[in-house]
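Using full-length UniProt numbering, the first residue of the sequence shown is number 1, and each one after it goes up by one. We treat Cβ as the ideally placed atom computed from N, Cα and C, and that holds for glycine. One structure is given below, encoded as structure tokens.
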Amino acid sequence: MRTLLRSRLLLPLALVGALGCGDDEPQTPESLTVNLPVVARVGSESFACGQTYTNVGTTKTTYEPMDFRVYVHDVRLVTRGGQEVPVTLTEDGTWQHSGVVLLDFANKDGLCTQGTEGMNASIKGTVPAGDYTGLRFTLGVPENLNHGDPTTLGAPMGDMGLHWSWQSGFLFTRIEGRTQGLPQHVMHLGSTACAPPPEGQTQGTAGCANNNRPEMTLDGFDVTKNKVVMDLGALFAGSNLDVNTANTAAGCMSSPTDADCGPFFERLGLAFGSQAANPAAQSFIRAE
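Structure, rendered in structure tokens:
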């Protein structure tokens, strides 16, 4: 009787062990939470509304910020073996939604009267645990959202101050300031030369000749200690911010006929007119 009882107890335990240790059982990879800091600077100085910066651009002008907001999407980490792994962004209802992040470095201090007092200086999400040595992302709003209705897309794409029109879409960057020579200098990056909507549609576009979404590649990026730097000093280094080409926007609004855009596009690695795209010349964004 004792032997029979012992057998009845051991049999279920043996079955549990066999089922739990099977080699073919799928394993869920451990998740890694990432919080990538993004800092804004003007050269060696931290960016802040209400501050005045000197020695900016080719004329070494002064620069007083009025706005500094940037959209990014398609955030990926890169393994040591070169594999890109998408970051699943945390949906927070304010700064991150549908794979898009709004980085907002402007509050209501000084001349910064656009947007909100709130600021966002990080990219948050999760990836499978791994050995990551690089970071990649795209500046701007993705094409599948860029020509949508901002009143229905939700934050952070609901701010009409970051939207041109249904045809052109969103401002990928809204960077504005006052210099010694100009009461307002702007750097608005976005898609241009966008065709009307396809036949049968009243909104959207049949495509843009100039998508203007630079790809950022930051090699040697350690997610545990590095940060992303967006440097207006580097972006402005080849530009005269005190004068403006006649009959064009006060700075650059991405028009392919505005000569003032050329140096900015070069530092974003983008093509402009006869100037070929050169990602290696991108100097606005770097890792530290």
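Checklist entry - Looking at the unbroken beta strand (DSSP E) that takes in arginine 286, where does it start and where does it end? => result 285-287
Next on the checklist: Buried or exposed, going by whether 16 or more other CB atoms sit within 10 Å of the CB of proline 183?
Outcome noted: Flag for proline 183 reads exposed.
Checklist entry - In chain order, what residues of the same chain lie with their CB nearer than 7 Å to the CB of asparagine 107, ignoring the 5 residues before and after it? => result Cys49, Glu117 and Met119
Item to check | Residue ranges of each beta strand (DSSP E) within the stretch 70-110, 3 or longer | outcome: Runs of the beta strand (DSSP E) inside the stretch 70-110: 84-86 and 100-104.
Next on the checklist: Output needed for glutamine 70: all residues of its chain with C-beta closer than 6 Å, excluding positions within five of it in sequence on either side, in chain order.
Outcome noted: At residue 70 the sequence reads valine, which differs from the glutamine that was named. Around valine 70: Leu103 and Thr173.
Checklist entry - Mind pulling the alpha helix (DSSP H) runs of 4 or more residues that sit fully within the stretch 173-256? => result 232-236
Checklist entry - Do you know how far the Cα of aspartate 92 is from the Cα of glycine 37? => result One detail in the question is off: residue 37 reads as proline in this sequence, not glycine. Whole-angstrom Cα-Cα distance: 16 Å.
Checklist entry - Under 9 Å between the Cβ atoms of proline 128 and glutamate 199? => result no
Checklist entry - Going along the chain, which residues of its own chain have a beta-carbon closer than 6 Å to the beta-carbon of threonine 59, five neighbours each way excluded? => result Asn240 and Asp242
Item to check | Stretch-stretch touch, CB-based, cutoff 8 Å, three pairs: the stretch 60-69 with the stretch 163-180 | outcome: yes
Next on the checklist: Mapping the DSSP letters down to three states, classify methionine 160 as helix, strand or coil.
Outcome noted: helix
Item to check | Sheet register partners of residue 322 (DSSP bridge) | outcome: Limits of the chain in this structure are 1 at one end and 288 at the other, which puts residue 322 out of reach.
Item to check | Buried/exposed call for cysteine 21, threshold 16 Cβ in 10 Å | outcome: In this prediction, cysteine 21 scores a pLDDT of 47, lower than 50, which makes its location untrustworthy; the coordinate-derived value is nonetheless stated afterwards. Burial call: exposed.
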